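See below for the structure under consideration.
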Amino acid sequence: MLIVIGKKVLWTTAIVLLVAAALTALGFALAAAYSPGIRKVIVIDAGHGGADGGVTGVNTGVTEAEINLTVARLVANELNALGYETVLTRNDEGEAGAVKESEETALYNKREEMQRRRDVIAATRPLCVISIHCNKFHSSSRRGAQVFYSAGSTEGKALAATVQNALNKLNSEKTGRTYSALGGDYYILNCTSYPAAIVECGFLSNPEDEKLLTDDGYRLTLASAVARAVNEYISASLK
Numbered sequence: 063m064l065i066v067i068g069k070k071v072l073w074t075t076a077i078v079l080l081v082a083a084a085l086t087a088l089g090f091a092l093a094a095a096y097s098p099g100i101r102k103v104i105v106i107d108a109g110h111g112g113a114d115g116g117v118t119g120v121n122t123g124v125t126e127a128e129i130n131l132t133v134a135r136l137v138a139n140e141l142n143a144l145g146y147e148t149v150l151t152r153n154d155e156g157e158a159g160a161v162k163e164s165e166e167t168a169l170y171n172k173r174e175e176m177q178r179r180r181d182v183i184a185a186t187r188p189l190c191v192i193s194i195h196c197n198k199f200h201s202s203s204r205r206g207a208q209v210f211y212s213a214g215s216t217e218g219k220a221l222a223a224t225v226q227n228a229l230n231k232l233n234s235e236k237t238g239r240t241y242s243a244l245g246g247d248y249y250i251l252n253c254t255s256y257p258a259a260i261v262e263c264g265f266l267s268n269p270e271d272e273k274l275l276t277d278d279g280y281r282l283t284l285a286s287a288v289a290r291a292v293n294e295y296i297s298a299s300l301k
């Protein structure tokens, strides 16, 4: 028996099949875009905190921990604006992940505090880690932003070099000198296999750097430079 189907029915069937195929492809694309394995998330580590204030400013006495947290939040905001998720290892003046009844009863344990930072990184599975710090040197003449990476990490070195290049534009303008990213042996860099870099924002032992690091405008400029450099590194690494 020969069954004849009208042209209108054939066209309708074809359109339905095409739409179904397109929706299926879109579904796969959305699933890939939101796959946890390729989530665009970055860990921002604000160094020190709580009982560990880090170094202090030579003139104002401002603590490194305070500056680190402010800059870390600004870097996170800038990265959010670029489309990234961000996770901070600490988001207040206390220790990373610490649960306290009161400041008086809290006992500070540096090793446990650093391990909590490591745990945040491991749980987040980020594209990279940026740890914010401030520097100090016995001579007050040393100044400028420096970036460090784990000596054994190729990707960490690439990340650090990209960030250092961006910060050297500020260094050259403000200090007249530039730096190269340096390999180092630091827990926050060595505790993870994800690309990681320490950004030493400047020297609190230098009066000029201290003045810059307590200026809201400069801190935003610094944070923006770091965020753009991180975006540059990730964009290149995901190609």
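Just so we're on the same page, the numbering used here is the position in the sequence shown counted from 1, plus 62. Heads up, the beta-carbon is just placed ideally off N, CA and C, and yes, glycines get one too. Treat the numbers as computed from the prediction; the structure is a model and nothing was measured.
Classification of residue i by the beta-carbon crowding that lies within 10 angstroms, buried from 16 upward
i, result
"residue 175", "buried"
"residue 239", "exposed"
"residue 210", "buried"
"residue 200", "exposed"
"residue 182", "buried"
"residue 277", "exposed"
"residue 264", "buried"
"residue 119", "buried"
"residue 131", "buried"
"residue 122", "exposed"
Closest Cα partner of residue i within the set the options
i, options, result
"residue 146", "179, 153, 190, 114", "190"
"residue 154", "110, 269, 295", "110"
"residue 271", "284, 104, 244", "284"
"residue 222", "277, 149, 207", "207"
"residue 292", "148, 225, 204", "225"
"residue 56", "214, 244, 173", "Outside the displayed span of the chain (63 to 301) sits residue 56, for which this structure offers no information."
"residue 104", "298, 295, 268, 148", "148"
"residue 246", "235, 212, 279", "212"
"residue 106", "194, 121, 116", "194"
"residue 235", "253, 255, 252, 205", "205"
"residue 229", "192, 257, 287, 255", "287"
"residue 248", "142, 144, 192, 143", "192"
Straight-line Cα distance separating residue j from residue i
i, j, result
"residue 140", "residue 289", "6 Å"
"residue 163", "residue 112", "Below a pLDDT of 50, predicted positions are generally treated as unreliable, and residue 163, at 40, falls in that range; no measurement from the model is reported."
"residue 129", "residue 231", "21 Å"
"residue 150", "residue 179", "9 Å"
"residue 275", "residue 187", "30 Å"
"residue 216", "residue 126", "29 Å"
"residue 282", "residue 250", "24 Å"
"residue 202", "residue 219", "28 Å"
"residue 262", "residue 136", "15 Å"
"residue 227", "residue 133", "18 Å"
"residue 116", "residue 124", "10 Å"
"residue 233", "residue 295", "20 Å"
Where the beta strand (DSSP E) containing residue i begins and where it ends
i, result
"residue 193", "190-197"
"residue 211", "208-212"
"residue 148", "147-150"
"residue 117", "Note, residue 117: premise wrong, no beta strand (DSSP E); not H, not E."
Cutoff 7 Å: residue i Cβ touching any chain B Cβ
i, result
"residue 173", "Among the protein chains of the structure shown there is no chain B, as only one such chain exists."
Distance cut-off 6 Å: residue i Cβ against heavy atoms of the ligand GTP
i, result
"residue 300", "By its list of ligands, the structure shown contains no ligand whatsoever, and the ligand GTP lies outside what it can speak to."
Bounding residues of the alpha helix (DSSP H) (the contiguous stretch that carries residue i)
i, result
"residue 289", "278-299"
"residue 234", "216-237"
"residue 144", "That residue, residue 144, is in no alpha helix (DSSP H); it is neither H nor E in DSSP."
"residue 186", "172-186"
"residue 269", "269-275"
Residue i - partner residues in DSSP beta bridges
i, result
"residue 262", "195, 208"
"residue 107", "193"
"residue 244", "210"
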